[in-house]
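K.L.:
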Amino acid sequence: MKKRNDKFRVGEKNLNANTIAKLSQIFNEKSWEIEDDALNQLSLFNRFCTLLSELTEPQQALIIELTERFTRIPSDQYKIHIRKILDQLATDPNIDLSCIDDIYIAPLIAPEDIGKTKSSVFVQYSFQEQFHYNPYFAHKNIRFVNGLDVESSHINNDKSLLFVVDDFIGTGDTACSALNYLFQNKNITNTRVIVISIVALNQGITKILDLGVRVFTSLICSKGISEYYSGTQLSAKLTLMESIENKIKVHRNEKLGYGQSEALVKMIRTPNNTFPVFWKEKKGRTAPFPR
Amino acid sequence: MITDEDLVLLLQLLKRNGNIQSLHKQGYQYSQIANLINFVIEKNLAYYTDTGLTLSNEGEEALLLFNRNLRRKNSEAMISPQAEYKISKIGKYEIYLPSNIKQLR
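If you read the sequences in order, they're chains A and B. Residue numbers for the first sequence follow the working numbering, beginning at 1 and rising by one. Residue numbers for the second sequence follow the working numbering, beginning at 292 and rising by one.
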């Protein structure tokens, strides 16, 4: 006779009443909508439940814990975060905005991605509206930069600043590639550049600071498992996540998120730094936040 | 709108922290089940404890009442029939194959 065990059994789905009630509580706390629509199988709540139903109870418990700490910033909330960052910039003792006349705004984009549709371009334009209503910036000359096409003579002076903006900085690879392009190909001085992102991971911020560039963000994310648990609990949670990632067949480069970032965030688009269990859709599998 | 049979099933599942797949298989989306659970809590038929959801005295009484109305006794009062596996009556000589014939041994 076959014994029932905790391992995932193909085709068998399990979601108990307490788990769905707990998920519903999290949705209510986060003001995420639970649609009461019999036709929409692909609503966020249904996507979450489909994911959970394919996992074992300990795996479900881990996903529930991570979901509690998950940050979702829809595009209509970008302005709130941009406003917060502008206030930070205005009150930073190391930045004297009174002597700045011109602010250039460029999207944070890898040189090879110039011309492609990227969320950083959306962020770039979102800044304009907020400048008008901020007393420290309303009277500055705001100039938009196409891609990374800037003139060093415009930036490398005491009256100008170049803001390089995006909604998310993960490992910092894209940011460093853009900054190095500005330094080497456009001869921009690092002290005239400020990187601004709505959300950033610690590792990305460190890389940018190493280039001598200042960074401002509204939200800094720490690693969802490694920087939250410790000791035996940490290794148990990592093993549990590994078992989930093996089950959903995550590519080795994506394990724990790109660069092992362990992010728990979704912006306009879900970054691949977020744990793949939240976005990986493969062979008909449904994920809560597909990319 | 939920039927009495489905409400009994929901109360039974909440009482034993059962697998809600049986409600899902009957055509309820997970989001609808979550809203039904919220409705049951609002009506004071269930409440949260440290270990999860449990039926209140009102919930137990409602379960008893619905079982009486549906004429369910003994094990039927504790375990609902799996309506999703019921099929319409077919002729004596009609050949019937289950949908998943690969599982036949």
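Just so it is clear, CB atoms sit at the ideal spot from N, CA and C, and this is done for glycine as well. Owing to the predicted nature of the structure, the values given are computational and were not obtained by experimental measurement.
(1) At what residues does the beta strand (DSSP E) containing residue 131(A) begin and finish?
(2) Since residue 286(A) and residue 47(A) should fall inside the 8 Å C-beta cutoff, what is the C-beta to C-beta distance between them, to a whole number of angstroms?
(3) Note down the Cα distance separating residue 290(A) from residue 279(A), rounded to an integer number of angstroms.
(4) If I follow the unbroken alpha helix (DSSP H) through residue 182(A), where does it start and stop?
(5) At a CB-CB cut-off below 8 Å, which residues of chain B make contact with residue 34(A)?
(6) Helix, strand or coil for residue 339(B), going by three-state DSSP, please let me know.
(7) Using C-beta distances below 7 Å, list every residue in its chain close to residue 339(B), excluding the 5 sequence neighbours before and after it, in chain order.
(8) Can you tell me whether residue 144(A) is buried or exposed, with buried defined as 16 or more other CB within 10 angstroms of its CB?
(9) Quick one: is residue 191(A) buried, meaning 16 or more other Cβ sit within 10 Å of its Cβ, or exposed?
(10) For chain A, is any of its Cβ atoms less than 9 Å away from the one on residue 311(B)?
(11) Output yes or no for whether 9 Å exceeds the beta carbon distance between residue 214(A) and residue 199(A).
(12) Name the two residues that bound the continuous alpha helix (DSSP H) containing residue 189(A).
(13) So, is the C-beta of residue 223(A) closer than 9 Å to a C-beta in chain B?
(14) Once DSSP output is grouped into helix, strand and coil, what is the label at residue 319(B)?
(15) With 16 other CB atoms within 10 Å as the buried threshold, where does residue 375(B) fall?
(16) Consult DSSP for residue 6(A) and reduce its assignment to one of helix, strand or coil.
(17) With distances taken Cα to Cα, identify the nearest neighbour of residue 163(A) among 153(A), 223(A), 102(A).
(18) Determine, for residue 239(A), whether the minimum Cβ-Cβ distance to residues of chain B falls below 9 Å.
(19) By the three-class DSSP mapping on this structure, what secondary structure does residue 110(A) have?
(20) Once you ignore the five residues that flank residue 208(A) on each side, which residues in its own chain have a CB closer than 8 Å to its CB?
(21) When the Cα of residue 84(A) is compared with those of 44(A), 19(A), 130(A), which residue comes out closest?
(22) Measuring only between beta-carbons, confirm whether residue 360(B) sits less than 9 Å from chain A.
(23) Whole angstroms is fine: what's the gap from residue 22(A)'s alpha carbon to residue 325(B)'s?
(24) Leaving out the 5 sequence neighbours to the left and right, which residues in its chain are closer than 6 Å to residue 224(A) when beta-carbon positions are compared?
(25) If you measure from the beta carbon of residue 308(B) to each beta carbon in chain A, is any gap under 9 Å?
(26) In chain B, which residues lie with their C-beta within 9 Å of the C-beta of residue 106(A)?
(27) Residue 266(A) bridges to which residues according to DSSP?
P.N.:
The structure says:
(1) Looking at the DSSP string, residue 131(A) is not in any beta strand (DSSP E); the run it does join, the alpha helix (DSSP H), is 119 to 132.
(2) Taking the Cβ atoms as the reference, residue 286(A) lies roughly 5 Å from residue 47(A), within the contact range of under 8 Å.
(3) Those two C-alpha atoms are separated by around 4 Å.
(4) From DSSP, the alpha helix (DSSP H) with residue 182(A) extends over 173 to 184.
(5) By Cβ distance, chain B contributes 322, 325, 326.
(6) In this structure, residue 339(B) counts as strand in the three-state DSSP scheme.
(7) Sequence-distant Cβ neighbours of residue 339(B) in its own chain, meaning closer than 7 Å and more than five residues away, do not exist here.
(8) With fewer than 16 other beta carbons inside 10 angstroms of its own, residue 144(A) counts as exposed.
(9) Classification of residue 191(A): exposed, given that the 10 Å Cβ count is below 16.
(10) Closer than 9 Å to some Cβ of chain A, the Cβ of residue 311(B) qualifies, so yes.
(11) Note that the C-beta distance between residue 214(A) and residue 199(A) is not below 9 Å.
(12) Looking at the DSSP string, residue 189(A) is not in any alpha helix (DSSP H), and its letter there is neither H nor E.
(13) So, not an interface residue.
(14) The answer is coil: DSSP assigns residue 319(B) none of H, G, I, E or B.
(15) It counts as exposed.
(16) A caution first: residue 6(A) carries a pLDDT of 42, below 50, which makes its placement in the model unreliable, though a value can still be read off. It is coil, neither helix nor strand.
(17) Nearest of 153(A), 223(A), 102(A) to residue 163(A), Cα basis: 102(A).
(18) No, residue 239(A) does not count as interfacial toward chain B.
(19) Correct three-state label for residue 110(A): coil.
(20) Within the same chain, residue 208(A) has close Cβ partners 169, 172, 175, 176, 179, 195, 215.
(21) Nearest option by C-alpha distance: 130(A).
(22) No, residue 360(B) lies away from the interface with chain A (no Cβ there is under 9 Å from its Cβ).
(23) Straight-line Cα distance between these residues: approximately 9 Å.
(24) For residue 224(A), where only same-chain residues beyond five positions count, the Cβ hits under 6 Å are 66, 262, 264.
(25) At a cut-off of 9 Å between C-beta atoms, residue 308(B) counts as an interface residue with respect to chain A.
(26) The contacting residues do not exist; residue 106(A) stays about 42 Å from chain B at best.
(27) Partner(s): 72(A).
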